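Quick notes on the structure that follows.
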Amino acid sequence: MYSDDKIILQIVSLLKAYNIKRIVISAGTRHFPLIHSLEADKFFKLYSVVDERSAAFFALGLIQNTLEPVAVCCTSGSAVINYGSAVSEAFYQHLPLLLITADRLPKLLNQLEDQMIDQVNIFRGFIKTCVNLTVINDESDEWYVNRLINEALIELEHHGRGPVQINYPISAHNVDKYQTEKLPDCRKISLHTFEIDELDWQFFAEKLSNKKVMIIWGQSVIISEKLEKGLNEFCKRFNCVILSDNISNLRHSKVIRNTYVVLNAISSSEKAELMPDVVISIGANIVFNDSIKNYLKQSLNSFEHWIVGPIGKVCDPYRSLSDIFEMHEHIFFNKITNCAANFNLDNKYFDKWKEVSEDIEEPNVPYSQLYAIGKLLKRLPSQSILHLGNSNTIRMGQLFEIDSSILCYCNRGVNGIDGCMSTAIGYSAESDKLNFLVLGDLTFFYDMNSLWIKHLSNNLRILLINNGGGAVIHIPFDREMGKSLPPFASAGHNMSVEGWIKSLGFRYFSANNQEEFDEKIELLVTDKSEVPICLEVFTQLEEDIIILKDYFSRINRTTLIDRVKQKAKSVTTKYMKNI
Numbered sequence: 040m041y042s043d044d045k046i047i048l049q050i051v052s053l054l055k056a057y058n059i060k061r062i063v064i065s066a067g068t069r070h071f072p073l074i075h076s077l078e079a080d081k082f083f084k085l086y087s088v089v090d091e092r093s094a095a096f097f098a099l100g101l102i103q104n105t106l107e108p109v110a111v112c113c114t115s116g117s118a119v120i121n122y123g124s125a126v127s128e129a130f131y132q133h134l135p136l137l138l139i140t141a142d143r144l145p146k147l148l149n150q151l152e153d154q155m156i157d158q159v160n161i162f163r164g165f166i167k168t169c170v171n172l173t174v175i176n177d178e179s180d181e182w183y184v185n186r187l188i189n190e191a192l193i194e195l196e197h198h199g200r201g202p203v204q205i206n207y208p209i210s211a212h213n214v215d216k217y218q219t220e221k222l223p224d225c226r227k228i229s230l231h232t233f234e235i236d237e238l239d240w241q242f243f244a245e246k247l248s249n250k251k252v253m254i255i256w257g258q259s260v261i262i263s264e265k266l267e268k269g270l271n272e273f274c275k276r277f278n279c280v281i282l283s284d285n286i287s288n289l290r291h292s293k294v295i296r297n298t299y300v301v302l303n304a305i306s307s308s309e310k311a312e313l314m315p316d317v318v319i320s321i322g323a324n325i326v327f328n329d330s331i332k333n334y335l336k337q338s339l340n341s342f343e344h345w346i347v348g349p350i351g352k353v354c355d356p357y358r359s360l361s362d363i364f365e366m367h368e369h370i371f372f373n374k375i376t377n378c379a380a381n382f383n384l385d386n387k388y389f390d391k392w393k394e395v396s397e398d399i400e401e402p403n404v405p406y407s408q409l410y411a412i413g414k415l416l417k418r419l420p421s422q423s424i425l426h427l428g429n430s431n432t433i434r435m436g437q438l439f440e441i442d443s444s445i446l447c448y449c450n451r452g453v454n455g456i457d458g459c460m461s462t463a464i465g466y467s468a469e470s471d472k473l474n475f476l477v478l479g480d481l482t483f484f485y486d487m488n489s490l491w492i493k494h495l496s497n498n499l500r501i502l503l504i505n506n507g508g509g510a511v512i513h514i515p516f517d518r519e520m521g522k523s524l525p526p527f528a529s530a531g532h533n534m535s536v537e538g539w540i541k542s543l544g545f546r547y548f549s550a551n552n553q554e555e556f557d558e559k560i561e562l563l564v565t566d567k568s569e570v571p572i573c574l575e576v577f578t579q580l581e582e583d584i585i586i587l588k589d590y591f592s593r594i595n596r597t598t599l600i601d602r603v604k605q606k607a608k609s610v611t612t613k614y615m616k617n618i
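At position 154 of the sequence shown (counting the first as 1) the number is 193 in our numbering, and the numbers step up by one without a gap.
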């Protein structure tokens, strides 16, 4: 029988999944539940070496002989640090030594507990990675523990071999029950390089055959000719849709570029049909991150998540990661497409997404921040560059389609307002195209010193939305709560940038209403100016919030059938309560 402790079950199950069967055990109490569970499974070959110093070196000998990873496990405290010499040797010999170290609960550290030292990163400097597991109290904890163990076991042989530590907490070694007869089928995350053989590629191609494939395409991927060709061939063979946004700079016939708004408009009757069987992630950040996570969370069936890219790290935002393809994107598309020459294309999945996408109208709103941004995006000259400030601006920038020749950028790495203007100025310093920067007042003031950088280019055009505070902070709240938020929360103010902008030699214009804006926007988009230009647009924060929320409420695609079902459910619920 195995221990009932979910941490122990995860460790043992994944050791088997990664085919790590040789375990060197040193005597002790804290790791008793793990040892008892290992002894209960004939898959493992166990060795007993009392002295941890010798145990770890003994394991190195096993690794040298078998060329396979070997684990050592011990109790807490000084037992762990005794592995040190062997760990350093394994690091410089590039030997995959796995340290499984039992520990007391973190909250007891430095509280005069027996056999307790700081075991996390105790081998820093000569270990590839250390993961510190947490006590499992709910599904989120279980997902986290599973992810960390996968990360550690992948790292044993990732980008070269070397030692790895899994540190896990045990509250008491003598309270476990051993009633689990069968190990749970814990998720294994597999990492693949381009060197996998053709049979493996054929296996993955078959997995995508006749499946609904969702590609989520983020920013910072260089769209080379090789990648474009590979993606084209992939889309000819598989039933796929590409969800993206303006900052991905991907132009393709299978792309849904207004994903941010589409995900907020899908009706309940459409969700099952639009849910994917396989999700493939490409690139870095996306504007619709929260929306896609919330959407996929509603899937009634399990779906696989694949990550493709040269980084090769575990990133599991949808909690369904199964495979990592550590390679350049064009290699992945070429390899898997070569194994799908005889597949029949079915466009139904993309067609359904496209139907929803095309059914959503762009905002047609009165004078406001949304009006101003939309008007500019529709007037941008072809081949120009668009820089969007973070926060509300980047979200509104996804509600409008822009010319396919325009490249779009935003600092979405950590989704902060830091340096948005500095980045745009840096880009424009080496650009011969018009560079348009759209941002809000707080983002501008936060980075206003960047405007006296001496490399300021005359091709810079700034559209500044000044509504006297941070509107995005009010968005999540209902209308009454949004009104009553304390002014410090959104840094309310009545400042203008006019004096600062003019002192730096900019041409400056302002607009306080729709008529003034429609006139001044034509001056902003001109390419005939020997100095940079700034248009400051004054709007009302509360009206901006109301107009934006009203737009999202209007795009809801709840169908008549949905409403009838909801009403029937409500009537049934009321009836059941009465009886």
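Just so it is clear, CB atoms sit at the ideal spot from N, CA and C, and this is done for glycine as well. Computed from a predicted structure; not experimentally measured.
Which residue spans inside the segment 174–199 form an unbroken alpha helix (DSSP H) run of at least 4?
The qualifying runs are 178–194.
Can you tell me whether DSSP reads Gly479 as helix, strand or coil?
Taking the first residue of the sequence shown as position 1, residue 479 is located at position 440. Residue state, collapsed to three classes: strand.
Cα-Cα separation between Ile363 and Trp240, rounded to whole angstroms
What you label residue 363 is simply residue 324 of the sequence shown in a count that begins at 1. What you label residue 240 is simply residue 201 of the sequence shown in a count that begins at 1. Roughly 13 Å between the two C-alpha positions.
Would the segment 403–412 and the segment 296–316 be scored as touching if the rule is three or more Cβ pairs under 8 Å?
no
Would Arg296 and Asn288 qualify as a contact pair, given that the criterion is a beta-carbon distance under 8 Å?
On the sequence shown, position 257 is the one that residue 296 refers to. On the sequence shown, position 249 is the one that residue 288 refers to. Cβ atoms of Arg296 and Asn288: not closer than 8 Å.
DSSP-derived helix/strand/coil call for Val603:
As a position in the sequence shown, residue 603 is number 564, starting the count at 1. Note that Val603 scores 45 on pLDDT, short of 50, meaning its location in the model is unreliable and no value can be drawn from it.
State the DSSP-derived secondary structure class of Asp153, mapped to helix, strand or coil.
Along the sequence shown, one-based indexing puts residue 153 at 114. Of the three classes helix, strand and coil, the one that applies to Asp153 here is coil, per DSSP.
Please go through the segment 422–465 and give each complete beta strand (DSSP E) segment of 3 or more residues, from N-terminal end onward.
424–427, 446–448
Would you call the segment 93–102 and the segment 114–126 in contact, with 3 or more CB pairs under 8 Å?
The segment 93–102, when compared against the segment 114–126, does touch it at the 8 Å Cβ threshold.
Go through its chain and collect everything with a Cβ distance to Lys332's Cβ below 7 Å, but skip five positions before and after it.
Mapped onto the sequence shown, residue 332 falls at position 293. Apart from sequence neighbours up to five positions away, the residues of its chain that approach Lys332 with a beta-carbon distance below 7 Å are Pro356, Tyr357, ordered along the chain.
Just verifying my parser: in three-state terms, what is the DSSP assignment at Thr578?
On the sequence shown, position 539 is the one that residue 578 refers to. Reduced to three states, the DSSP call for Thr578 is coil.
So the alpha helix (DSSP H) Cys274 belongs to, where does it begin and stop?
Translated into positions along the sequence shown, residue 274 becomes position 235. Where Cys274 is concerned, the enclosing alpha helix (DSSP H) stretches over 264–276.
When DSSP builds the beta bridges, which residues end up paired with Gly348?
In the sequence shown, residue 348 corresponds to position 309, counting from 1. Note: Gly348 sits in a beta bridge opposite Glu365.
Rounded to whole angstroms, how far is the Cβ of Pro571 from the Cβ of Phe545, which I believe are closer than 8 Å?
Numbered from 1 along the sequence shown, position 532 holds the residue referred to as residue 571. Numbered from 1 along the sequence shown, position 506 holds the residue referred to as residue 545. So it is a contact: roughly 5 Å between Cβ atoms.
Closer than 8 Å is the cut-off here; do at least three beta carbon pairs connect the segment 577–592 with the segment 498–511?
Judged by Cβ distances under 8 Å, the segment 577–592 makes contact with the segment 498–511, as three or more pairs qualify.
Measuring alpha carbon to alpha carbon, tell me which residue in Tyr448, Ser210, Ile139 is nearest Asn324.
As a first step, residue 324 is located in the sequence shown; it is residue number 285 there, counting from the start. Of the listed residues, the one whose Cα sits closest to Asn324 is Tyr448.
Beta-carbon within less than 8 Å of Asn249's beta-carbon, same chain only, minus the 5 sequence neighbours each way: which residues are those?
As a first step, residue 249 is located in the sequence shown; it is residue number 210 there, counting from the start. Closer than 8 Å at the Cβ level, and outside the excluded window around Asn249, lie Asn278, Asp385.
Own chain partners of Ser461 with C-beta closer than 6 Å, once the 5 adjacent residues on each side are dropped
Here residue 461 refers to the residue found at position 422 when the sequence shown is read from its first residue. Correct list, in chain order: Asp486, Ser489.
Please classify Tyr388: is it buried, with 16 or more other beta-carbons within 10 angstroms of its beta-carbon, or exposed?
Numbered from its first residue, the sequence shown carries residue 388 at position 349. Flag for Tyr388 reads buried.
Compute the distance between the beta-carbons of Thr432 and Gly479, then report whether it is under 8 Å.
Position 393 of the sequence shown, counted from the start, is the residue given in the question as residue 432. Position 440 of the sequence shown, counted from the start, is the residue given in the question as residue 479. Cβ distance < 8 Å, so Thr432 and Gly479 count as in contact.
So, using beta-carbon positions, are Thr68 and His212 closer together than 8 Å?
Numbered from its first residue, the sequence shown carries residue 68 at position 29. Numbered from its first residue, the sequence shown carries residue 212 at position 173. Contact flag set, yes.
Can you name, in chain order, every residue of its own chain whose Cβ lies under 8 Å from the Cβ of Phe382, other than the five neighbours on each side?
Your numbering for residue 382 matches position 343 in the sequence shown. Around Phe382: Ala244, Ser248, Arg276, Phe277.
For Gly413 and Tyr299, what's the separation of their Cα atoms in angstroms?
As a working mapping, residue 413 is identified with position 374 in the sequence shown. As a working mapping, residue 299 is identified with position 260 in the sequence shown. So the two alpha carbons sit approximately 15 Å from each other.
If you count every other CB in all the chains shown that lies within 10 Å of the CB of Phe242, and 16 or more means buried, which is it?
Position 203 of the sequence shown, counting from 1, holds the residue named residue 242. So Phe242 counts as exposed.
Through-space distance from Leu446 to Ile262, alpha-carbon basis
Position 223 of the sequence shown, counted from the first residue, corresponds to residue 262. Position 407 of the sequence shown, counted from the first residue, corresponds to residue 446. So the alpha carbons of these two residues sit roughly 12 Å apart.
Nearest-angstrom Cα distance between Ala411 and Phe556?
Within the sequence shown, numbered from 1, the residue matching residue 411 stands at position 372. Within the sequence shown, numbered from 1, the residue matching residue 556 stands at position 517. Roughly 8 Å separates the two Cα atoms.
Who are the near neighbours of Asp316 in its chain, counting only those whose CB is closer than 6 Å to its CB and skipping five residues on each side?
For this step, residue 316 is matched to residue 277 along the sequence shown. Correct list, in chain order: Lys250, Lys251, Phe342.
For Phe130, which residues in the same chain have their Cβ closer than 7 Å to its Cβ, ignoring the five residues on either side in sequence?
On the sequence shown, position 91 is the one that residue 130 refers to. Within the same chain, Phe130 has close Cβ partners Phe165, Ile166, Gly201, Pro202.
Determine the closest residue to Leu427 out of Gly100, Ile504, Asp142, with distance taken between C-alpha atoms.
Stepping through the sequence shown from its first residue, residue 427 is reached at position 388. It is Ile504 whose Cα lies nearest to the Cα of Leu427.
Provide the residue span of the beta strand (DSSP E) that contains Trp256, from first to last.
Working through the sequence shown from its first residue, we reach residue 256 at position 217. First-last of the beta strand (DSSP E) with Trp256: 252–256.
Enclosing alpha helix (DSSP H) for Phe242 [first to last residue]:
By one-based count along the sequence shown, residue 242 stands at place 203. Segment 237–247, the alpha helix (DSSP H) holding Phe242.
Nearest neighbour of Ser115, chosen from Gln218, Asp157, His291 [CA to CA]
Numbered from 1 along the sequence shown, position 76 holds the residue referred to as residue 115. Ranking Gln218, Asp157, His291 by Cα distance to Ser115 puts Asp157 first.
For the putative contact between Ser138 and Val111, defined by C-beta atoms under 8 Å, what is the C-beta separation to the nearest angstrom?
As a first step, residue 138 is located in the sequence shown; it is residue number 99 there, counting from the start. As a first step, residue 111 is located in the sequence shown; it is residue number 72 there, counting from the start. Reading the sequence as shown, one finds Leu at residue 138 and not Ser. About 6 Å; that satisfies the 8 Å criterion.
Among the residues of its own chain, which have a CB less than 8 Å from the CB of Lys216, if the five just before and after it don't count?
Reading the sequence shown from its first residue, position 177 is the one you call residue 216. Here the set comprises Ser42, Asp43.
Going by C-alpha distance, which of Phe71, Leu238, Gly269, Ser52 is nearest Ile370?
Counting from one through the sequence shown, the residue named residue 370 turns up at place 331. Nearest neighbour of Ile370 by Cα position, chosen from Phe71, Leu238, Gly269, Ser52, turns out to be Gly269.
Assuming the contact rule is C-beta atoms closer than 8 Å, Leu136 and Val119 should be a hit. Round their C-beta distance to whole Å, please.
The residue labelled residue 136 in the question sits at position 97 within the sequence shown. The residue labelled residue 119 in the question sits at position 80 within the sequence shown. In fact, because the Cβ distance is near 13 Å, the residues do not count as touching under 8 Å.
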